[in-house]
Structures are given as C-alpha cells and as structure tokens.
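In this note's numbering, the protein residues as written are 23 to 464. Notes follow once the structure below has been shown.
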Ligand code: SF4
C-alpha cells in the first residue's frame, strides 16, 4: 500500500540510543573495534594545565575526529565538523549525543599545534604492532617508494619570504609537472600491504636518500623478522643502497642504472672492466690493471688509472680512450653496483620486481583516492607528517579489520553449523504417528 508522509523535518521527541542506529557493518564500527586509544590521555598530559583553566575537549575525542577526517579524506576541518554535525555514525564514533554541542573547528586546529606529532606517531606504531600481533604481516619482502603531495600554496609564493608554507618545494608531479609540495616516503609489507614506515620531506628531496632511514624504522618494528628483499624503483638503485641493505641482511631489488663511460658511448664502459675487490683495482679488457689513485673531494668518486705505458701499446685503445691513459671514476660503493647489475639479470630478481608496482602503487592509490593524501590539508612539514601518519594508521587498521572479519566469517559459519547440529539433536523423531513421521522440536 502506498503511503504519504504528512510532514518532513519534524521535531524528534524520543530517540533510541545512537548505538542502535549504527549498522553492524559500518566501517566506523569496525575501526572502533580495533582502535586502541588507551594511551592518548597519558601521552598529552603535559600539554594541558592539570590544575586550572577551562575544561578541555577530551583529547581522545580530538584524535577520533582526526581519524574520521583520514578515514573519509576530508581535507578541511570545517568540512569535517559540518559532517559530524549531521552524521549519526560520526557522532557515535566520537561519543557525542545528538543534543551535545560539538567542538569548534578552530579549536581543533589549535589543538593540533599543541599536540605536535608524538601522539599520532604512537598511534601509527600501535597500528603496526596490532597488525604484527594478529599475524597479518609476513615481512619477507618489503616495498619502498615515494609519492608527491600537492601543497596548499600558490605556485608564485614558493620559497618567498612571506610564503604561508615555507617548507613546500617544487617537485615533479605526475605528468612531469613542476608543482609545490611534499613527498611521502613509504615502506610496506609485500603480502599484507601494511605500512611499516614513512617519512615526509619537501618535494625536491631525492627518494634514494630516504630508503635506509625508513627501512631501519621498519626493521625495528618487525623485530626478529628480517626481510629477505626490499623492492624499489630505479630511484633507489645504487651501490650505496645495495651495500647498506646487504649489511642489514636484505637484497635490494631495483633496476640498476646503465654503466657510464664518461668518454662517450663508443668506448668501453665501467661494466667492461672487471673489479677485483680484494686488491681494489679494475682489470681492463686487455688485461691491464687500473689502480686506485685518489678520491674526488666534492663528489666522493674514486679514481682508478691505467699506466700510460700500457695504454700506449694496447691494440684496443681506439675503443677505450682517446686520452693517453684510461681513467675510471666510480662511486665508493661501486662493488655494490656491480653486484646489483649481476643480480638484476636473474629470474628471481625479475619476478620479485614485478610484484613491486601492484603493492606500493596500490597503497598510494588507496591513500590518495579514499583518504585524501593527494593534497596537503595543512601547511608546514610537521602538519603534513601528522596527515601522513593518520592516513597510514587508518590504512593499517583497515587491513586489520578485514583480517578480523575474514577470521570471523569461518568462525561464524562453524558456529552456525554447530547450532544446526544442536537443533537437529533436539528434534524428537521417536513419536511416530500411524501414517507418517512427525517432527517435533522440544
Ligand atoms: S687502452 Fe689501456 S685501459 Fe684501455 S684496454 Fe688498452 S690497456 Fe686497457
């Protein structure tokens, strides 16, 4: 039967508890189940005057509000508070009744200045240890990469004395566009895609230099589980990263750069010279040693040289150098680069590298599309870090929620099967009427 409401937007006089209005499978219910905010009050105790002053907004409410912002990728606090005003699930998540007055958006921004990043760092750390305890993290292969985040800043005010965001710098964005912003350097577990470490720099900083610090963070969090390999794109490939990871027990899986000749493509490249690590010298294609002579002060490259007398009589000289003697300039970690180049030709290396993009680029796509990582919500490096930590925490907790739901499904199915058996055992089939079997449930 069709019906027609007489009045819309009428006054509600009697309300059921908010709890009963939130669907069981609402994402915020899931988040609430796995969220551990027991540490928040203790962590920000010294940020408040404990004796005097006006009563503050509960710090846990503040953190919950920022988690809603990260969960739904709302870039503005004003927008966040407007949504919380009208969304029952958001109100329920922060523990506010429908008739309770919400904190003002300006208060929230001020509180962030007061908190700094420590509490959000702790939140992120806890999300990783929860994922680890649940057995979600495999930790065998890690993936490292960086993504750019557009700053909330006019292009013409970058690096100006009066710039509202003095930390933002020009960097390469998709489409090879130069835009002001930041870079989030991230390391994630290959199987679970849990984010194990991150750092934030201005957009002009190279990825290469950030790999080892975030790897060390991830190793600390993984404790005794030492990963076998770390995959990264060509930006991470260097002898230095290879050797540093080798020292920590990992293989670097990253496509190495082509060997340079410094003398033109028609001449032998460093790849054509065999490096003798024990004696620290190179052997040229004609079998002559090139000995170490000095290290460049500015770039730290090591210089190796053949003897003029050897090169003069060499039949291969026209394909080697037009100078009197051949010289090689290599990095201090050249042997690492040689090993990386050799490893890059193996099947195992290629297979591992093929797993890189779906994992780490998938994490970035998720963070940008659903959680608002594409644009900086606030100005300054420290606030950008808070945004990154919140989004990474939400992503990790989503993985944990999915795992718990995954666990629950078979448990529920098992319990349902048990219940069905119990029901069957309660069915009394002993009493048989004359014509047929009558089932009776006690
Ligand atoms: S020119 Fe000198 S360095 Fe080059 S192949 Fe001949 S001997 Fe070796």
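We put the CB at the ideal spot given by N, CA and C, even for glycine.
Collapsed DSSP secondary structure at residue i in the structure displayed
i	result
residue 251	strand
residue 444	helix
residue 331	helix
residue 349	strand
residue 48	coil
residue 311	strand
residue 294	helix
residue 180	coil
residue 159	coil
residue 135	helix
residue 261	helix
residue 398	coil
residue 170	strand
residue 465	Residue 465 cannot be examined here, being either before or after the span of the chain that is shown, 23 to 464.
residue 304	strand
residue 76	coil
residue 118	coil
residue 363	helix
residue 25	coil
residue 323	coil
residue 368	coil
residue 164	strand
residue 316	strand
residue 288	coil
residue 54	helix
residue 100	helix
residue 71	coil
residue 424	helix
residue 41	helix
residue 299	coil
residue 148	helix
residue 414	helix
residue 270	helix
residue 214	coil
Residue interval of the beta strand (DSSP E) (run including residue i)
i	result
residue 199	199-211
residue 275	273-275
residue 220	217-224
residue 30	Premise fails: residue 30 is in no beta strand (DSSP E) and is neither H nor E.
residue 123	Careful: residue 123 lies outside any beta strand (DSSP E) and carries neither H nor E.
residue 193	191-195
Local Cβ density within 10 Å of residue i, reported as buried at 16 or more and exposed below that
i	result
residue 182	exposed
residue 190	buried
residue 276	buried
residue 222	buried
residue 208	buried
residue 25	exposed
residue 232	buried
residue 73	exposed
residue 108	exposed
residue 246	exposed
residue 405	buried
residue 384	exposed
residue 77	exposed
residue 47	exposed
residue 154	buried
residue 340	exposed
residue 307	exposed
residue 53	buried
residue 211	buried
residue 322	exposed
residue 29	exposed
residue 367	exposed
residue 114	buried
Start-to-end residues for the alpha helix (DSSP H) that takes in residue i
i	result
residue 238	233-244
residue 64	62-65
residue 341	First-last for residue 341: undefined, no H or E at that position.
residue 93	81-94
residue 385	384-393
residue 377	Note, residue 377: premise wrong, no alpha helix (DSSP H); not H, not E.
Presumed contact (8 Å Cβ cut-off) between residue i and residue j, rounded CB distance
i	j	result
residue 326	residue 304	5 Å
residue 251	residue 273	5 Å
residue 362	residue 254	Going by Cβ atoms, the distance from residue 362 to residue 254 rounds to 11 Å, so no, they are not a contact pair.
residue 397	residue 139	That belief does not hold up - the Cβ atoms of residue 397 and residue 139 are roughly 19 Å apart, past 8 Å.
residue 124	residue 103	6 Å
residue 118	residue 265	In fact, because the Cβ distance is near 54 Å, the residues do not count as touching under 8 Å.
Residue-level contact to chain C via CB, residue i, 8 Å cutoff
i	result
residue 217	The structure shown contains no chain C, having only a single protein chain.
Q.
So if I measure from each beta-carbon to every heavy atom of ligand 1 and keep distances below 7 Å, which residues remain?
A. Residues lining ligand 1 by the Cβ criterion, that is a Cβ closer than 7 Å to any of its heavy atoms, are 290, 306, 307, 308, 310, 312, 328, 332, 333, 336, 338, 339, 342, 343, 347 and 348 in chain order.
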